[in-house]
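Here the structure comes first, spelled out in structure tokens, and everything after it is commentary.
This is how it looks when you write it as structure tokens:
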């Protein structure tokens, strides 16, 4: 690589860290410049992928999807499955968030193929994808298959002590076990997921877990417990002024039909 390519590579690598810290938005113009002008395809991939993640984190999902798909095409052009995995997982996550489950499943299955034979820490990455695939199955009435995928992902993450990824899997298992009417298993997974989400300051998953734990309490006939979880939930919405009447509406609603665990 020439000096310009080396500088672009260093910039993209730095941006990949900044983006994960939600500090990448200011870097998007330079990333787009690299994407459009670089003669190095790997650098163009990194620029497209980082731009996609930056847009995803800032909730600009349409642009995130566009750049994730562009990154996937570049990874395929390079022939590097590890790069293709990264972009396909983002494509699948965006599709699942938009409830485009056929697209999400296709992306996650292709991503799993790219991870075939993974070892070491790559197994942790593969487990996240398997959990995502399991969630899609849960959302498309394949509950047993979905639970098997999520449990397999859980086993890998527990083996590698990857708590910072585990709580999303536990959230998905809680959801799946509610759908399967296995409420004790659902409660166990949900309470552990909530505890870890709070520990790692993940408000979205903490809120999801409180919704699910409330639904579990309702199905157990524990209205008091359900109200307690919903009151805990209101702390995440101080500006909304959630009333007892709104809580009553939640208590009368099957919350598994209204919660999208991917945002």
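Residue numbers (my numbering): 562 to 824. For every residue, glycine included, the Cβ atom is placed at its ideal position computed from N, Cα and C.
query                                                                                                                        : result
contact_flag[the segment 777-788, the segment 609-619] where n(CB pairs < 8 Å) is 3 or more                                  : no
Supposed close pair residue 675, residue 646 - CB separation, criterion 8 Å                                                  : 4 Å
Cα-Cα separation between residue 682 and residue 814, rounded to whole angstroms                                             : 41 Å
Test item: CB-CB of residue 775 and residue 794 under 9 Å                                                                    : yes
Beta-carbon spacing of residue 626, residue 652 below 9 Å                                                                    : yes
Member of 739, 800, 750, 631 whose CA lies at the smallest distance from the CA of residue 607                               : 631
Run of the alpha helix (DSSP H) containing residue 578, from where it starts to where it stops                               : 564-581
Residues near residue 787 in its chain [Cβ-Cβ closer than 7 Å; skip 5 each side]                                             : 775, 778, 779, 812
Span separating the alpha-carbon of residue 739 from that of residue 747                                                     : 6 Å
Reduced DSSP category for residue 781 - H, G, I as helix; E, B as strand; rest coil                                          : coil
Boundaries of the alpha helix (DSSP H) in which residue 634 is found, first to last residue                                  : 622-639
Own chain residues within Cβ distance below 7 Å of residue 759, not counting five before or after                            : 767
Spatial distance of residue 628 from residue 570 (CA atoms)                                                                  : 18 Å
As assigned by DSSP and simplified to three states, the class of residue 821                                                 : coil
Residue 790 burial status per 10 Å Cβ neighbour count (16 or more: buried)                                                   : buried
Pair within 9 Å by beta-carbon distance, residue 731 and residue 715                                                         : yes
Residue interval of the alpha helix (DSSP H) (run including residue 805)                                                     : 805-812
Backbone CA spacing between residue 605 and residue 685 [nearest angstrom]                                                   : 26 Å
Cβ neighbours of residue 591 in the same chain (closer than 7 Å, five flanking residues each side left out)                  : 572
Alpha-carbon spacing of residue 564 relative to residue 601, whole angstroms                                                 : 12 Å
Pairwise C-alpha distance: residue 797 and residue 727                                                                       : 22 Å
Nonlocal neighbours in the same chain, by C-beta distance under 7 Å from residue 808, ignoring five residues either side     : 788, 791
Backbone secondary structure at residue 584 - three-state DSSP                                                               : coil
Cβ distance (whole Å) where residue 657 is taken to contact residue 823 below 8 Å                                            : 5 Å
Neighbourhood of residue 754 by C-beta distance below 7 Å, restricted to the same chain and skipping five residues each side : 728, 731, 732, 735, 766, 770
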